[in-house]
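Novice: Under the numbering used here, the residues of the sequence shown are numbered 33 to 525, in order.
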Amino acid sequence: MLGVLTFFGGCAVGPDYVRPAAEVPASYKEIEGWRLGQPKDHLIRGAWWETFNDAYLNDLEDQANLANQNIAVAEAQLRQARALVRIAQAGYFPTVTIGASYIHSFNSSGSGSARGSTSTSSSSGAGGSSGAVSDYVLLGAVSWEPDIWGRVRRTVEASKASAQATSTDLESTRLLVQAELAQEYFQLRVLDGQKQLLDETVIAFQKSLELTKNRYAAGVASKGDVLLAETQLKITQAQAIDVGVLRAQLEHAIALLVGKPASLFSIPVTPMPLVPPEIPVGLPSELLERRPDIAGAERRMAAANAQIGVAVAAYYPAVTLSASGGFAGSNLSDWLKWPSRLWSVGASISEIVFEGGLRRAQTAQARAAYDATVASYRETVLTGFQEVEDNLAVLRILEEEAKVQDEAVEAARKSLAVALNQYKAGTVNYLTVIVVQAATLNNEITSLNILVRRMAASVLLVNALGGGWNTSIPGLDSTPGGTMKNNASLRNE
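1) At which residues does the beta strand (DSSP E) containing Ala360 begin and terminate?
2) What are the boundary residues of the alpha helix (DSSP H) that includes Ile119?
3) Which of the three DSSP states, helix, strand or coil, is assigned to Gly530?
4) By the 10 Å Cβ neighbour count, where 16 or more other Cβ atoms means buried, how is Leu311 classified, buried or exposed?
5) With Ala104 and Leu213 assumed to form a contact (beta carbons below 8 Å), what rounded beta-carbon distance in angstroms separates them?
6) Can you tell me the Cα-Cα spacing of Gln101 and Leu289, whole angstroms?
7) Buried or exposed for Thr395, going by 16 or more other Cβ atoms inside 10 Å?
8) Can you give me the C-alpha to C-alpha distance between Val128 and Ala404, rounded to a whole angstrom?
9) Using 8 Å as the cut-off, can you tell me whether the stretch 112–128 makes contact with the stretch 237–252, which would need three or more C-beta pairs spanning the two stretches below that distance?
10) Can you look up Arg373 in the DSSP assignment and give me helix, strand or coil?
11) Which two residues bound the contiguous beta strand (DSSP E) that contains Thr459?
12) Any contact of the stretch 376–385 with the stretch 347–354, i.e. 3+ C-beta pairs under 8 Å?
13) Can you give the beta carbon distance from Leu497 to Val313, rounded, assuming they're within the 8 Å contact cut?
14) Considering only the alpha carbon of each residue, which of Asp257, Leu223, Thr263 and Lys239 lies closest to Pro300?
15) Terminal residues of the continuous beta strand (DSSP E) containing Gly78?
16) Are the stretch 317–325 and the stretch 412–427 touching, with three or more C-beta to C-beta distances below 8 Å?
17) For the stretch 424–435 and the stretch 223–234, state whether three or more C-beta atom pairs, one from each stretch, are separated by less than 8 Å.
18) Taking 6 Å as the limit between beta carbons, can you name the residues of its chain near Trp80, skipping five residues before and five after?
19) Does the beta-carbon distance from Pro126 to Trp181 come in below 8 Å?
20) Going by beta carbon distance, what residues of the same chain come within less than 6 Å of Glu5, once the five residues before and after it are set aside?
21) Go to Phe237, then tell me how far its alpha helix (DSSP H) extends in each direction, as first and last residue.
22) Ordered along the chain, which non-local residues of its own chain (more than five positions away) have a Cβ less than 7 Å from that of Thr302?
23) Please report how far the alpha carbon of Ala393 lies from the alpha carbon of Ala336, in whole angstroms.
24) Count the other CB atoms within 10 Å of the CB of Glu62; is the residue buried (16 or more) or exposed (fewer)?
25) Thinking just about the alpha-carbon of each residue, which of Thr464, Asp366, Ser356 and Arg391 is nearest to the one in Ser166?
26) Give me the Cβ distance between Ala197 and Arg331, rounded to the nearest whole Å; I'm assuming they're in contact under 8 Å.
27) Name, in chain order, the residues that DSSP records as bridge partners for Asp167.
28) Three-state secondary structure (DSSP) at Ser408?
29) Between Arg221 and Met304, is the Cβ-Cβ spacing less than 8 Å?
30) For Pro47, count neighbouring Cβ atoms within 10 angstroms of its own Cβ and tell me buried if that reaches 16, exposed if not.
31) Does Ile466 come out as helix, strand or coil in the three-state DSSP assignment?
32) Taking Arg185 and Ala44 to be in contact with their CB atoms under 8 Å, please state how far apart those CB atoms are, rounded to whole angstroms.
33) Taking buried to mean at least 16 other C-beta atoms within 10 Å of its own C-beta, is Arg51 buried or exposed?
34) In the DSSP output, which residue or residues are listed as bridge partners for Ile130?
35) Just mark Lys369 as buried or exposed, buried being the case when its beta carbon has 16 or more other beta carbons within 10 Å.
36) Ordered along the chain, which non-local residues of its own chain (more than five positions away) have a Cβ less than 6 Å from that of Ala261?
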């Protein structure tokens, strides 16, 4: 019997998992003419935000990694998934029970024994006699269903793959929080720069107002020029104040990301020069290994494939081995003596002969679920390539736009200097100065807006490339067509 079980124990019904192919381009379309990616050695690892060279951002990211509640939720879900692996692995082992009982009964004359077979074997009275009888029973039992058809193995395989997918969900959540924090931080710093620009512009407009008032007092400027100068000054002051609204909201959003109450959190106003870093992109094929959402989709395919085996195993008969043994006696003093022993050994096999098509429907459902995960995996891969191409295009185009916009700002500043000199010389009216001042300010604000878009695109590109995440998922074979390995780390946790 054991030899038969050993023979069948080496097989598991259902299809073995092989990772389906996904279309991977040889190179990124937007790479050409922009920057060369240097794979492996220069890929961002670990704390990817350090490439922006901002110590304050580094500190915020460290706080978010430790205190963000969404990350805490994902970590708890990972612990839950690992516990489910251990629950599934418990199916490999027999169930052992032990129990003791005491029964005190009374038999009337001629009624026979009321204690059943166990009490009869341990009773000292003859059948049909009357009187009170006590039974003391100590019984242990072992029941085991050998995993002949691989149902437990497929269940464990599915649980491990699901736990690995949950691990990638944690990394996806962590990367999302890190990227969101970086984007909001850079937007806040650009607002600090915009506030500084507006404050400097207010000072310049105050000087222009004083100049206009002096010219009005000297009779060489009209009252209308003074009113125009005052209007321009007040509009700019209002713009400078309005910046505080979005900055406060961003500060509160960052507080949430780092796990702190908004009332107790603040970021000092510090205009900082921001420069989008050069981001090594690598090869498209590496995206399948670097992006946690793609790896998670692949692991969910493995779990769905294993569930097909679980469904197929239901077609086969269930074999159960059982054994029990213990002691029984009518007197406590004789309870654990050798003559009071009892035991039983048995085996059973059962097969469902009719269930109205239930197993067929369950198998069809499992296969359809697997097909859905395959499509989801391929869609996730395509989405990953789209996001990389999108942000490469945005960075390339915005880099060109920034150069042109910088030239526009420089030209506007020169135009403003000329207009002010002409106004002082009396060759143009103040309306000309105001038009040029407004154009200069608008161009400088546009330049800042392009900068924040470039910084955001840099962060989104890092996010699209998988951030600093690596491929060291326990038990994950990332080779093409690879299968899931034994997961020792999950087994021992």
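Glycine included, every Cβ here is placed at the ideal spot set by N, Cα and C. This one's a predicted model, so the numbers in the text were calculated from it and none came from an experiment.
Specialist: So, to answer that:
1) Ala350 to Gly361
2) Gln101 to Gln121
3) Only positions 33 to 525 of the chain appear in the structure, and residue 530 is not among them; the question remains open.
4) It is Ile, not Leu, that sits at residue 311 in the sequence shown. Buried is the call here.
5) Actually they are not in contact, since the Cβ atoms of Ala104 and Leu213 sit about 15 Å apart, beyond 8 Å.
6) 8 Å
7) buried
8) 40 Å
9) no
10) strand
11) Thr459 -> no beta strand (DSSP E), and no H or E assigned at all.
12) yes
13) 7 Å
14) Leu223
15) Element bounds for Gly78: n/a, residue is neither H nor E.
16) yes
17) no
18) Val494, Gly499 and Gly500
19) no
20) The shown model of the chain, from 33 to 525, leaves out residue 5, and the question about it has no answer.
21) Arg183 to Ala249
22) Asp224
23) 15 Å
24) buried
25) Asp366
26) 4 Å
27) Ile135
28) helix
29) yes
30) exposed
31) helix
32) 5 Å
33) buried
34) Gly172
35) exposed
36) Ser240, Leu241 and Thr244
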